[in-house]
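Q:
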Amino acid sequence: MEVVMPVFNDGITATARPEGTGIVTTDVLIVGSGPAGSSASLFLSNQGIPNIMITKYRWTAHTPRAHITNQRTMEVLRDAGIEGQVLAEATPHELMGDTVYCESLAGEEIGRRPTWGTRPDRRADYELASPSMPCDIPQTLLEPIMVKNAAMRGTQVQFSTEYLSHTQDADGVSVQVLNRLTGHEYTIRAKYLIGADGARSKVAADIELPMEGLMDIDGSMNITFKADLTHLVKHRPSILYWVFNPGSNIGGLGAGLIRMVRPWNEWLICWGFDINGEPPVLDNAEAIRIIRKLVGVADLDVEILGYSLWGNNEQWATHLQKGRVFCAGDAIHKHPPSHGLGSNTSIQDSYNLAWKLAAVIRGQAGPELLDTYSTERAPVAKQIVNRANQSSRDYKPIFDALGVTDAATDEEFTQKLQLRKENSPEGAARRAALRAALDAKDYEFNAQGTEIGQFYESTAVVTDGGERPARTEDELLHHQKSTFPGLRLPHAWLGNAKSKCSTHDIAKGTGFTIFTGITGQAWADAAVNVAARLGIELKAVVIGEGQEVQDLYGDWLRQREVEEDGVILVRPDKHIGWRAHSMVQDPKAALTAVLAEILSVGLEDCDLAEEAEAVLAPAGLGR
Ligand code: FDA
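Per numbering that gives the first Met the number 0, the very first residue in the sequence shown carries number 0; after that it's consecutive.
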């Protein structure tokens, strides 16, 4: 079910220009129209928050860098009302995953492994976990969808506009920008500034975000080209074809890569070089030589679309904001594309930040809520930088098993590649090691835990007094299915005789939601009062027989982990904010106290101190 978001602004009310000041004003200024910036604009416009997005260039990404769009991102885009538009342009899930390891695309195969949840046993995990499946959409196609929808819903988009500098004070941020067409410099005054300006972020540098790790640790090149390779891939459809031939163990993503951009005639090659040596000379002739070598067809007909050199990074910010300025996306996590985490995490950063900014701007939350952006997302930044780099390093056991790690010359490399076929105990050991190394790549390619398993601990999460349940499965491969506060809302199909929808469709991104059962009606009654008292959107959903929403398959009962008269409070970003295992004496006081905690609303101001103490402390519900 696609959730259609309302159009909030006409684009003019989004900003104002007080007469004579020459200063443009808005609530949030976003620098960058990449995945982090365009999604931040979209989410803020969905929340009805006036915003301006500036970007340095005349249009969005011009190379198809990001493509693997994971389940969590698809859920977020579903909530934003654009999942259908994305799927219409994407390569579908079923064509994503017959990942191939080969000597060259036309040459011998080394092995294959179904990925991204396309293997039947893992497909079940993926289908059970989410209403949305992964898909493959190049960044060149995804960004325009987000920008278009953001603009339609209120974002003022300013292309060819460069961020220069900013100053901030107690009330807002004054940002100096340059119109690159006219050369005119002007000021945009915003309540908040988001720096979504990529891995070389000037905003992050200007607020001196603390960084750990290193930049430019390995050399990579991208070559984009057109060639009809249908006959080489149609029987093993995949977005990734990994090539092990001479030179493939130097730099790059850990091995040579031919990546599908559009099936099956547009491609991107990632190939490495030694970053400590002279940068390679990359021209048309060299690009064609590399393409033909990896494809394994000496006279392949090729149309070169572009090429560039770039460096792999292993760096993350340990704090993501300063005062009224926040950074998101590659500005705070810089890593190789291995595992396809960059754009996904960037969009999820913005999803975490947008509802908090909206709540504070609307006066529903205290500014302390914004501190939880760093508390919740900085650990994610570190985790994905480490994970992506580890995924690159995990190619070494494959090279070791093949026996080519120390090959001194191209001839030796090619010769040793044949060792895996030997009829000998050594050959058998090599084959066993090779299979183990290929299967271990599940940590990059079937890692649902990494993709959707984020857990938040902050003041915007109130524990239920218990311990997070122990994990019984590998946390990288499998996500934790639980309603423990801080985890992502479990997906269950619900509905009635006329319709079917996910728990994720019911809990809207524009407000809070509580889920309870028929004997928990008092929670729903209380919610009306609590919403009015705190001035927030709080939707109550009573699930059960005779209700508008029924647990038709019993999936919610199996996952909710609370009694029928308990309650689960879901934040706008679909993470669990709090839960109560059963009915409490005063559900109104409990919900008010918990939401005031999450929103950092001063308890005294709200006259809630006594209620909070009465509800949270004895029940052991405090943080
Ligand atoms: P991004 O760099 O995309 O955008 C920065 C924006 O800021 C741009 O709009 C730019 O114009 C603007 N800007 C910069 N300076 C400015 C200034 N001073 N003033 C105004 N505007 C300014 N990720 C993923 O999730 N799945 C995947 O499959 C892949 N695959 C992949 C393959 C390859 C080959 C690469 C190189 C990368 C990937 N990625 C990926 C990573 C992904 O491309 C990357 O993480 C995102 O583009 C990051 O998005 P951001 O919006 O943070 O920055």
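From the three backbone atoms N, C-alpha and C, an ideal C-beta is built for every residue, glycine too.
Are the Cβ atoms of Ala506 and Leu488 separated by less than 8 Å?
A: Their beta carbons are under 8 Å apart, which means Ala506 touches Leu488 by this criterion.
Q: Are Gly255 and Asn264 close, meaning C-beta to C-beta below 8 Å?
A: No, the pair does not count as a contact, with Cβ atoms beyond the cut-off.
Q: What are the residues that DSSP puts in a beta bridge with Thr166?
A: According to DSSP, which records beta bridges pairwise, Thr166 is partnered with Ser173.
Q: Is DSSP giving Gln414 helix, strand or coil here?
A: It is helical.
Q: I need the boundaries of the beta strand (DSSP E) containing Gln314, first residue and last residue.
A: First-last of the beta strand (DSSP E) with Gln314: 302-316.
Q: Measuring straight from C-alpha to C-alpha, what distance separates His632 and Val600?
A: Since the first residue of the chain shown is 0 and the last is 622, residue 632 is not available in this structure.
Q: Applying the criterion that 16 or more other CB atoms from any shown protein chain within 10 Å of the CB defines a buried residue, is Gly534 buried or exposed?
A: By the neighbour-count rule (16 or more Cβ atoms within 10 Å), Gly534 is not buried but exposed.
Q: Taking Ala128 as the reference, which of Asp438, Ala491, Ser173, Gly80 has the closest Cα?
A: Nearest option by C-alpha distance: Ala491.
Q: Using only the alpha-carbon positions, how far apart do Tyr665 and Ser247 sit?
A: Outside the shown range of the chain (0 to 622) lies residue 665, about which nothing can therefore be said.
Q: Would you mind reading off the limits of the alpha helix (DSSP H) that contains Thr139?
A: Thr139 -> alpha helix (DSSP H) spans 138-151.
Q: At a cut-off of 7 Å, is Glu472 close to the ligand FDA when judged by its beta-carbon and the heavy atoms of the ligand?
A: No; taking the cut-off as 7 Å, the Cβ of Glu472 has no heavy atom of the ligand FDA nearer than that.
Q: Please determine, among Ala525, Leu94, Glu562, Glu563, the residue with the shortest C-alpha to C-alpha distance to Pro586.
A: Minimum Cα distance to Pro586 is reached at Ala525.
Q: Can you tell which of Arg392, His334, Ala198, Ile597 has the C-alpha that lies nearest to the C-alpha of Thr462?
A: Ranking the options by Cα distance to Thr462, first place goes to Ile597.
Q: For His656, I'd like the list of residues in its chain whose CB is within less than 7 Å of its CB, leaving aside the five on either flank, ordered along the chain.
A: Since the first residue of the chain shown is 0 and the last is 622, residue 656 is not available in this structure.
Q: Excluding the five sequence neighbours on either side, which residues of its own chain have a C-beta within less than 8 Å of the C-beta of Gly494, listed in chain order?
A: Excluding positions up to five away in sequence, the list reads Cys500, Val548, Gln549, Leu551.
Q: Kindly list the residues whose CB is nearer than 8 Å to the CB of Gly10, restricted to its own chain and excluding five residues on each side of it in sequence; keep chain order.
A: Low per-residue confidence applies at Gly10: pLDDT is 36, beneath 50, and the placement is therefore not dependable, though the value from the model is reported in the following sentence. Cβ neighbours of Gly10 beyond the five flanking positions: Ala150, Gly153, Thr154, Gln155.
Q: For Thr54, verify whether its CB is less than 7 Å away from any heavy atom of the ligand FDA.
A: Checking the Cβ of Thr54 against the ligand FDA gives yes.
Q: Would you say Ala198 faces chain B, with C-beta separation under 8 Å as the test?
A: Among the protein chains of the structure shown there is no chain B, as only one such chain exists.
Q: Alpha carbons only, please: which of Arg199, Ala387, Arg386 is nearest the one belonging to Trp309?
A: Of Arg199, Ala387, Arg386, the residue nearest in Cα terms is Arg199.
Q: Roughly how many angstroms separate the alpha carbons of Phe7 and Val232, rounded to a whole number?
A: Here the model assigns Phe7 a pLDDT of 42, short of 50, so the residue's position is not dependable, and the following value carries that caveat. Answer to the nearest angstrom: the Cα atoms are 45 Å apart.
Q: Express the C-alpha separation of Ile216 and Glu277 in angstroms, rounding to a whole number.
A: Approximately 14 Å, taken between the alpha carbons.
Q: Taking only heavy atoms of the ligand FDA into account, decide whether any of them is closer than 7 Å to the Cβ of Tyr162.
A: Checking the Cβ of Tyr162 against the ligand FDA gives yes.
Q: So what's Gln546 in DSSP terms, helix, strand or just coil?
A: If DSSP states are grouped into helix, strand and coil, Gln546 belongs with coil.
Q: At what residues does the beta strand (DSSP E) containing Asp97 begin and finish?
A: Segment 97-101, the beta strand (DSSP E) holding Asp97.
Q: Considering only heavy atoms of the ligand FDA, does any lie closer than 7 Å to the CB of Ser32?
A: For the ligand FDA, at least one heavy atom lies less than 7 Å from the Cβ of Ser32.
Q: Would you say the segment 338-357 touches the segment 414-429, given that touching needs at least three Cβ pairs under 8 Å?
A: No, because fewer than three Cβ pairs between the segment 338-357 and the segment 414-429 fall closer than 8 Å, the two stretches do not touch.
Q: Between the segment 128-144 and the segment 68-78, do at least 3 Cβ pairs fall closer than 8 Å?
A: Yes, the segment 128-144 is in contact with the segment 68-78.
Q: How about Glu443 and Asp393: are their beta carbons less than 8 Å apart?
A: Yes, the Cβ-Cβ distance between Glu443 and Asp393 is below 8 Å.
Q: First and last residue of the alpha helix (DSSP H) that includes Leu41?
A: 34-45 is the extent of the alpha helix (DSSP H) around Leu41.
Q: Is DSSP giving Asn69 helix, strand or coil here?
A: Coil, per DSSP.
Q: Can you check which of these residues, Glu562, Glu142, Arg111, Leu28, is closest to Ser38 by C-alpha distance?
A: Out of Glu562, Glu142, Arg111, Leu28, Glu142 has the C-alpha closest to the C-alpha of Ser38.
Q: Exposed or buried, His234, counting other C-beta atoms within 10 Å across all chains shown (16 or more means buried)?
A: His234 is exposed by the Cβ-count criterion.
Q: Where Ile303 and Ser237 are concerned, what is the direct C-alpha to C-alpha distance, given to the nearest angstrom?
A: Straight-line Cα distance between these residues: approximately 21 Å.
Q: Is the beta carbon of Glu30 less than 8 Å from the beta carbon of Gly36?
A: Here residue 30 is Val; the residue named in the question, Glu, does not match the sequence. It is a contact, given that the beta carbons lie within the stated cut-off.
Q: Report the rounded CA-to-CA distance for Gly194 versus Gly402, giving the unit in angstroms.
A: In a straight line, the C-alpha of Gly194 is about 46 Å away from that of Gly402.
Q: Under the three-state reduction of DSSP, which class applies to Ala439: helix, strand or coil?
A: Residue state, collapsed to three classes: coil.
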